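Please read the structure below before turning to the comments.
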Amino acid sequence: MSATATTAMQDEVRALAEARGAVLLAHNYQVPEVQDVADFVGDSLGLSREAAATDAHAIVFCGVHFMAETAAILSPDKTVLIPDLDAGCSLAASITAQQLRDWKAQHPGAVVVSYVNTTAEVKAESDYCCTSGNAKAVIDAIPADREILFLPDLFLGLYLERVTGRRLGIWMGECHVHAGIRPDDIERWQREAPDAELLVHPECGCASQCMAFGNDRTHILSTEGMVNFAKSSPKDRFLVATETGILHRLRKEAPGKRFEAVSERAICKYMKMITLEKLRDSLRDWKHVVTVTPEVAARARGAIERMVAIA
Ligand code: 13P
Ligand code: SF4
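Counted the way the working numbering counts, the sequence shown spans residues -1 to 309.
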């Protein structure tokens, strides 16, 4: 699409959003033209907080399905739309509610902490939800004598064991995008840009190795944490180990600084299913409505509200 056509479609999207009383929320991995038209761009935690707080009549969620479900649970009186229903998540697909029930049955009395990248049914079986932005604070809030089952991300679980000093039961799930960022990718960059700051998402397959560097140039952060860090850092070169969509936001909010992807292959096809055109169609045709059954929503809400409340 030409720049003029993009601008015209963005104007159309803004006009439709206004007319429909909809707020547009976009995750940091969305394509640039969708990020630029949104009311709010952020990480999973920020987006959940916006969804809970908005007084708009409807939310159009430019992200993946579990994020829209979370918004629908937090705001049951609002219509939540997603521009493409197939925008799933390989990590959320790595555990079902039945698998979680079976795991809990083997660990009676354990506290279940689910990463937000899970289905509503899995959240309904959980005591706490967390995001990469507050996972450590959530674990720290649980009494030290309680057994904890953490799911579904293996690498985030290992990272949490390290930073909290707690032993966790960890589900062996992974995100195919972050797991695909390999130690080799990091090593190559360590050689080629030894002075750059390294920003690593804790879902990465290389996160444990990066922690082992133990140097003060390596930072394990949520996507929003990366934006905040880059903006306030006096440094001007950053290597970024997460989905490449975040580069647009980093370059926009920290102009004049240099950002490079550790792996150009780190592209989430699900996040990229949301296009400007589908966003326009979603607002125009009022599709696709995301709903969660009241019974599941009622059971999942407590865990999600605890997540939103813990900083
Ligand atoms: P953040 O919450 O750090 O944005 O990560 C979410 C995520 O992994 C979606 O892939
Ligand atoms: Fe899921 Fe990974 Fe895509 Fe995030 S990047 S939405 S965890 S598949």
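Where is the CB? At the ideal position from N, CA and C, for every residue including glycine.
These numbers were taken from a predicted model, which means no experiment stands behind them.
- Message: Assuming His367 is part of the alpha helix (DSSP H), what are its boundary residues?
- Response: The question about residue 367 has no answer here: the residues shown for the chain are numbered -1 through 309.
- Query: Would you call Ala6 buried or exposed, if buried means 16 or more other Cβ atoms sit within 10 Å of its Cβ?
  - Reply: As a first step, residue 6 must be located in the sequence shown, where it is residue number 8. By the neighbour-count rule (16 or more Cβ atoms within 10 Å), Ala6 is not buried but exposed.
- Query: For Gly155, is the classification buried or exposed, using 16 other Cβ atoms within 10 angstroms of its Cβ as the cut-off for buried?
  - Reply: In the sequence shown, the residue the question calls residue 155 occupies position 157. Result: buried.
- Inter-stretch contact (C-beta, 8 Å, three-pair minimum) for the segment 291 to 305 and the segment 124 to 141: yes
- Secondary structure of Leu237, DSSP reduced to three states: Counting from 1 along the sequence shown, the entry for residue 237 is found at position 239. Strand, per DSSP.
- Query: Just to confirm, are Val70 and Gly19 a CB contact at a threshold of 7 Å?
  - Reply: Within the sequence shown, residue 70 is the residue found at index 72, counting from 1. Within the sequence shown, residue 19 is the residue found at index 21, counting from 1. Residue identity check: residue 70 is Ala in the sequence provided, not Val. Cβ distance not < 7 Å, so Ala70 and Gly19 don't count as in contact.
- Should the segment 182 to 194 be called in touch with the segment 155 to 167, which here means at least 3 C-beta pairs below 8 Å? no
- Query: Mind checking Thr240: buried by the 16 CB within 10 Å criterion, or exposed?
  - Reply: If you number the sequence shown from 1, residue 240 lands on position 242. Buried: at least 16 other Cβ atoms inside 10 Å.
- Can you give the beta carbon distance from Ala90 to Ser73, rounded, assuming they're within the 8 Å contact cut? Counting from one through the sequence shown, the residue named residue 90 turns up at place 92. Counting from one through the sequence shown, the residue named residue 73 turns up at place 75. Incorrect: roughly 20 Å between the Cβ atoms, too far for contact.
- Message: Is it buried or exposed, Asp214, if we count other Cβ atoms within 10 angstroms and call 16 or more buried?
- Response: For the purposes of this step, residue 214 is identified with residue 216 of the sequence shown, where counting begins at 1. With fewer than 16 other Cβ atoms from the protein chains shown falling within 10 Å of its own Cβ, Asp214 counts as exposed.
- Message: Given the structure, does Cys87 come close to the ligand SF4, in the sense that its CB is under 6 Å from one of the ligand's heavy atoms?
- Response: For this step, residue 87 is matched to residue 89 along the sequence shown. Indeed, a heavy atom of the ligand SF4 lies less than 6 Å from the Cβ.
- Message: So, at 8 Å on beta carbons, what are the nonlocal neighbours of Asp138 in its own chain, with the 5 sequence-adjacent residues on each side left out?
- Response: By one-based count along the sequence shown, residue 138 stands at place 140. Hits under 8 Å: Thr162.
- What is the rounded straight-line gap between the Cα of Val136 and the Cα of Arg160? The residue given as residue 136 occupies position 138 in the sequence shown. The residue given as residue 160 occupies position 162 in the sequence shown. Their Cα atoms are separated by approximately 14 Å.
- Taking 5 Å as the limit, tell me which residues put their C-beta closer than that to any heavy atom of the ligand 13P, in chain order. Asp41, Ser42, Thr129, Ser130, Ser220, Thr221
- Give the straight-line distance between the Cα atoms of Ile233 and Ala15, rounded to the nearest whole angstrom. Along the sequence shown, one-based indexing puts residue 233 at 235. Along the sequence shown, one-based indexing puts residue 15 at 17. The sequence shown places Lys at residue 233, not Ile. Near 38 Å, if we compare the C-alpha coordinates of Ala15 and Lys233.
- How would you call Arg247, buried or exposed, if buried means at least 16 neighbouring beta carbons within 10 angstroms? Mapped onto the sequence shown, residue 247 falls at position 249. Buried, since its Cβ has 16 or more Cβ neighbours within 10 Å.
- Exposed or buried, Met269, counting other C-beta atoms within 10 Å across all chains shown (16 or more means buried)? One-based indexing of the sequence shown puts residue 269 at position 271. With 16 or more Cβ atoms within 10 Å of its Cβ, Met269 is classed as buried.
- Message: For a minimum of 4 consecutive residues, which ranges assigned as the alpha helix (DSSP H) are wholly contained in the segment 240 to 307?
- Response: Every alpha helix (DSSP H) stretch that sits fully inside the segment 240 to 307 and reaches 4 residues is listed by chain position as 244 to 251, 274 to 283, 292 to 307.
- Item | Limits of the beta strand (DSSP E) - the one that Glu195 falls within | Position 197 of the sequence shown holds residue 195. Residues 195 to 198.
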